[in-house]
Amino acid sequence: MEKYRIIYQELKERLNQGAYQAGQLLPSDQQLMRQYTVARETVRKAMALLANEGYVQRLRGKGTIAINRRQFHFPVAEIMSYTELTQAEHLDSQNHVLSLSQSYIPVVFHPSDPQALAHRLVRLRIVEGEADIIDYDYVLTATVPELPLAEAKNSLFHYFEQGLGLTIDYAVKTLTVEQATDADRKYMQLPVHTPMVVVRSQTYLNDSQTLSYTESRHRADRFLSVEFARRH
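Those letters in the sequence shown? Residues 22 to 253, by the numbering used here.
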């Protein structure tokens, strides 16, 4: 592994563990150069990665400080369960089921079969003590005949893959910014006209069969998505 990646990963782990509080200076470039026996450019590449992901801020003439990373890093280009995300981000999180019922797929998803019946699961995500996300999952009953409440409280992906033996292959996602709904304001205690980042996705199995539709509604001030892009 390249040296700058090692520095980046070790500092990121310390930041996630709370070794540096918001506003606190990290070791200087000179200190890191001596610690890892590398050139200044190697240290700068590591710190640039941390800055791009919202972990630190580089201050000219002062050094590098940890910043208040209250944003939830949502990887739009990946398929991860909420449990996997919070574990990867080292976040204190709680999962509250607001309702579990049966419903048709909302037209906003443009379902191929508007009359397809689904389990409608609504969950409120509490991240670091604050209500940040509401997820609306529509799991097709043709694929998943039963959705136990105990599994809904835990992880749907774990139930699908470990409990039912399904193989999740890919998802198609769209991202928009919309005003908070009455439900958003009620459960997240938000003022009127608060912006929300809304991620809608359709998840498919390895045989291209649709498994579920999801609408994930995030407080815009808590949302962060960092993806790697390359120009070909």
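Note that beta-carbon positions come from the ideal geometry of N, C-alpha and C, so glycine has one too.
Distance between R206 and T195 (C-alpha atoms, nearest Å): 22 Å
T197 classed as buried or exposed, judged by whether at least 16 other C-beta atoms fall within 10 angstroms: exposed
CA-to-CA distance, I27 to S49, given in whole angstroms: 16 Å
Quick test of the definition: if touching needs 3 or more C-beta pairs under 8 Å, does the region 142-154 touch the region 183-192? Segments in contact, no.
Apply the 10 Å Cβ neighbour rule to Q56 and answer buried if 16 or more other Cβ atoms are within range, or exposed otherwise. exposed
Length of the line joining the Cα atoms of I147 and R243: 12 Å
Contact defined as beta carbons within less than 8 Å: I believe M217 pairs with A204. What is the distance between those atoms, to the nearest angstrom? In this structure, M217 and A204 do not form a Cβ contact; the two beta carbons are roughly 11 Å apart against a cut-off of 8 Å.
Flag this pair as yes or no: are the beta carbons of V5 and K24 separated by less than 8 Å? The chain is shown from 22 up to 253; residue 5 falls before or after that span and cannot be answered.
Starting from Y234 and walking both ways along the beta strand (DSSP E), at which residues does that stretch end? Per DSSP, Y234 belongs to the beta strand (DSSP E) from 231-240.
Can you tell me whether DSSP reads K24 as helix, strand or coil? helix
How many whole angstroms separate the CB atoms of T144 and H117, which I take to be in contact at a CB cut-off of 8 Å? The question names Thr, but residue 144 in the sequence shown is Arg. Right, the Cβ-Cβ distance comes to about 7 Å (below 8 Å), so this counts as a contact.
Kindly indicate the opening and closing residues of the beta strand (DSSP E) around L138. 138-148
So is V213 buried or exposed if we call it buried at 16+ other beta carbons inside 10 Å? exposed
DSSP on Y57, reduced to helix/strand/coil? helix
Grouping DSSP H, G and I as helix and E and B as strand, with all else coil, what is A40? coil
Going by DSSP, what residue range makes up the beta strand (DSSP E) through L80? 77-80
Give the secondary structure of L196 by DSSP, where H, G and I count as helix, E and B as strand, and everything else as coil. strand
Buried or exposed: where does V129 fall if 16 or more other Cβ atoms within 10 Å of its Cβ makes it buried? Flag for V129 reads exposed.
With DSSP collapsed to three states, give me the class of T215. coil
Round the Cβ separation of L161 and S233 to the nearest angstrom and send it over; I've been treating them as touching at under 8 Å. Confirmed, about 7 Å.
Residue span of the alpha helix (DSSP H) that contains A163, given as start and end: Segment: none, A163 is in no alpha helix (DSSP H) and carries neither H nor E.
Could you please give the first and the last residue of the uninterrupted alpha helix (DSSP H) stretch that includes Y208? Run containing Y208: 203-209, per the alpha helix (DSSP H) assignment.
How big is the Cα-Cα spacing for T63 and A69? Cα to Cα, the separation comes out at about 10 Å.
Between the Cα of Y208 and the Cα atoms of R240, K174, A163, Y29, which residue gives the shortest distance? The residue from R240, K174, A163, Y29 with its alpha-carbon nearest to that of Y208 is R240.
Can you name, in chain order, every residue of its own chain whose Cβ lies under 6 Å from the Cβ of D156, other than the five neighbours on each side? Hits under 6 Å: R144, S237.
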